[in-house]
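First residue of the sequence shown? That's 1 in this note's numbering, and the numbers climb one at a time after it. Notes to accompany the following structure.
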Amino acid sequence: MAHEQFEESVPLYAVGALEKAERQVLEVHLLSGCTACHAALKSYSAVAGLLPYGLPPHLAPVELRAGIMEARSKSHARSESHGAAVKIQEPAGSWLADMLSPGGLRPSWGFNPAVSLAAVLIAIGAIAYSAYLRSQMTIEQDQILQVQTALQEEHQRIAAAQQHLTAQHQELSALRDQVGFQTGEVEQLKAELADREEQVDQLQTHVAQQGGGNSELHKALAQRDEILALLRAPDVTVVSLAGLLDAKAAGGFILFDRSTQKALFYAFNMPALPPDKTYQLWAILDKPVSAGVFPPDHGQKTRGMVRGLPDPAKITKFAVSVEPSGGRPQPTGAIYLMGQL
1 MAHEQFEESV PLYAVGALEK AERQVLEVHL LSGCTACHAA LKSYSAVAGL LPYGLPPHLA
61 PVELRAGIME ARSKSHARSE SHGAAVKIQE PAGSWLADML SPGGLRPSWG FNPAVSLAAV
121 LIAIGAIAYS AYLRSQMTIE QDQILQVQTA LQEEHQRIAA AQQHLTAQHQ ELSALRDQVG
181 FQTGEVEQLK AELADREEQV DQLQTHVAQQ GGGNSELHKA LAQRDEILAL LRAPDVTVVS
241 LAGLLDAKAA GGFILFDRST QKALFYAFNM PALPPDKTYQ LWAILDKPVS AGVFPPDHGQ
301 KTRGMVRGLP DPAKITKFAV SVEPSGGRPQ PTGAIYLMGQ L
């Protein structure tokens, strides 16, 4: 007999509905030590003990009760006439004593339609209840699996968010370093302007003493005063410029005042250019607008004042490109510096 058949016989055995031959075969199988069938028998026996309490109470028909009593009386009379002792049917599950008794296994119940029908109904109920329990366990296992899957996805999202946050912190740190560097350049420029202011004051004193004028000196003085006024403006905006392409080591900044539409452009570590090339500054609105040309000096720096910026409120970026001498209406060469407001 296949093991599946033993499993199907366990519910009927629990309610005492197996024939003698089938019961003996199943009990031999149980004696072999099958843990699965022992566990199933224990479960079904517990269910079978509770099933009668779930049925609504009904009075047996008068004819059925009379028939049962008559059959009981006849059975008792036959037992006394043959001098045999009356044996009480043992409950299902006392298979060990039955197997070890000298007379072998005791016979099963005599055939009684009402009892057999009740046993079959109990067995069917036990099987249905067992199937219900299994389905509930399957549903709960599926729900647990769904929760575990959702937790894993949430952990993955948290890990991705942490990686993104770490990258943002690194980017912010790099920007802080760059701002610190640019701030140092601004302070250096201020110190240089202060030195030049002192030199110009000395030159002014010297010119006054000589009683003569010099147009170049007046021009330098005017530019100095213009730069100082821009640095002292309360609403001056600083835009950092970062190097691109072949000028990654370059950098710079633009100080501009929206109210006066003036700006100071300063760049450093700019690559040297051939004589027929120059650097051109662009203010980017909906399209690039030239803000002037600035050839580099011998120290790989370039600077200059920008007057009349085109609508500073609409400027989104500044860029510096390499152009032919004199500049072009639109950028044609490589972009070496770029900064965004």
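Note that the Cβ used here is the ideal one computed from N, Cα and C, for glycine as well.
- Per DSSP, residue 24 lies in no beta strand (DSSP E) segment; the continuous alpha helix (DSSP H) that holds it begins and ends at 20-31.
- In this structure, the straight-line span from the alpha carbon of residue 339 to that of residue 301 is close to 17 Å.
- About 7 Å separates the CB atoms of residue 126 and residue 15; that is less than 8 Å, so the two are in contact.
- Secondary structure at residue 243: strand, using DSSP grouped into helix, strand and coil.
- Assigned with DSSP and collapsed to three states, residue 340 falls in strand.
- For residue 227, same chain residues with a beta-carbon under 8 Å away, outside a window of 5 residues either side, are 193, 264, 305 in chain order.
- Rounded to the nearest angstrom, the gap between the Cα atoms of residue 17 and residue 136 is 27 Å.
- Of the residues assessed, residue 32 falls on the exposed side of the cut-off, its CB having fewer than 16 other CB atoms within 10 angstroms.
- Residue 199 and residue 190 have their C-alpha atoms some 14 Å from each other.
- The beta strand (DSSP E) runs of length 3 or more contained entirely in the segment 243-319 are, from start to end of the chain, 251-257, 262-268, 277-284, 288-293, 302-307.
- Residue 268 places its beta carbon 8 Å or farther from that of residue 281.
- A contact between stretches requires three or more CB pairs, one per stretch, nearer than 8 Å, and the segment 231-246 fails this requirement with the segment 162-171.
- In terms of Cβ geometry, residue 307 and residue 248 do not form a close pair [threshold 8 Å].
- Under a 10 Å Cβ-count criterion, residue 146 is classified as exposed, with fewer than 16 other Cβ atoms of the shown protein chains found around its own Cβ.
- Distance from the Cα of residue 287 is smallest, within the candidate group 138, 206, 246, 330, for 330.
- The beta carbon of residue 292 lies closer than 6 Å to those of 281, 306 in the same chain, with the five residues before and after it left out.
- Here DSSP, grouped into helix, strand and coil, assigns residue 325 to coil.
- Going by C-alpha positions, residue 253 is about 30 Å away from residue 204.
- Burial check for residue 321: the Cβ neighbour count within 10 Å reaches 16 or more, so the residue is buried.
- Assigned with DSSP and collapsed to three states, residue 237 falls in strand.
- The beta-bridge partner set that DSSP reports for residue 335 consists of 321.
- Burial check for residue 122: the Cβ neighbour count within 10 Å reaches 16 or more, so the residue is buried.
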